[in-house]
Amino acid sequence: MLEPRWRSALAYQDHLKEVVVRGLVLDFGGVLTDLGDDFANPEPPLLTAARTAKRHGVRTAILSNADGVWAPPIAWQDVFDVVVTSGEVGFAKPDRRIYLVVAERLGLEPSHCVFVDDLAVNVRGAAAVGMVGVHHRSVNATVEELEVLLDLQLQD
Numbered sequence: 187m188l189e190p191r192w193r194s195a196l197a198y199q200d201h202l203k204e205v206v207v208r209g210l211v212l213d214f215g216g217v218l219t220d221l222g223d224d225f226a227n228p229e230p231p232l233l234t235a236a237r238t239a240k241r242h243g244v245r246t247a248i249l250s251n252a253d254g255v256w257a258p259p260i261a262w263q264d265v266f267d268v269v270v271t272s273g274e275v276g277f278a279k280p281d282r283r284i285y286l287v288v289a290e291r292l293g294l295e296p297s298h299c300v301f302v303d304d305l306a307v308n309v310r311g312a313a314a315v316g317m318v319g320v321h322h323r324s325v326n327a328t329v330e331e332l333e334v335l336l337d338l339q340l341q342d
């Protein structure tokens with residue numbers, strides 16, 4: 187049963203437009219490094235997904251518990267609007283502050299971001315600040331879930 191404020195289908199549709207996911211935040215190790223089953227692919231599938239999402243106006247970020255001197259490969263820099271590392275900010279996932287920092291740097295509310303990590307504890311940390319959390323277990327499952335959340339086709 188719908189809550190009283192959602193009794194009108196139009197009101198509910200308007201609400202969904204307000205909470206659309208506009209930010210994609212990906213962990214590096216275990217997510218962006220996962221090649222899946224297609225070893226012939228020239229780049230990791232979730233990098234391709236991030237590239238496609240960005241082309242469609244989605245803000246993109248890497249959130250990593252790496253030290254402050256780490257940076258993504260040079261060839262990836264045009265894919266990500268923001269890179270946040272725990273070494274840079276002084277706290278690590280699943281500390282709620284790190285998710286708030288990445289959302290702020292993306293210029294988005296946490297509720298407008300989806301966060302993908304291969305560790306459930308980190309996904310729970312993101313969800314605790316209002317992000318949509320995706321627990322990465324396989325490339326195909328993660329990409330399919332992101333396609334639903336972002337309302338985009340991310341793979342062929």
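Here our numbering is used: the first residue of the sequence shown is 187, the next is one more, and so on. The C-beta atom is built at its ideal place from N, Cα and C for all residues, glycine as well.
Quiz item: Just how far apart, CA to CA, sit alanine 226 and threonine 238?
Solution: 19 Å
Quiz prompt | Proximity below 8 Å, CB of proline 258 to CB of isoleucine 248 | solution = yes
Practice problem: Return yes when the Cβ of arginine 241 is within less than 8 Å of the Cβ of arginine 208, no when it is not. | Solution: no
Practice problem: Return the first residue and the last residue of the beta strand (DSSP E) that arginine 245 is part of. | Solution: 245 to 250
Quiz prompt | Buried versus exposed call for valine 329 [16 or more other C-beta atoms within 10 Å across all chains shown] | solution = buried
Exercise. Tell me whether asparagine 326 is buried or exposed, calling it buried when 16 or more other Cβ atoms sit within 10 Å of its Cβ.
Key: exposed
Quiz prompt | Minimum C-alpha distance to serine 297 - residue among Val318, Gln341, Leu340, Pro280 | solution = Val318
Quiz item: Is threonine 328 helix, strand or coil by DSSP?
Solution: helix
Practice problem: Could you tell me if glycine 243 is buried or exposed, where buried requires 16 or more neighbouring beta carbons within 10 angstroms of its beta carbon? | Solution: It is exposed - the Cβ of glycine 243 has fewer than 16 other Cβ atoms within 10 Å.
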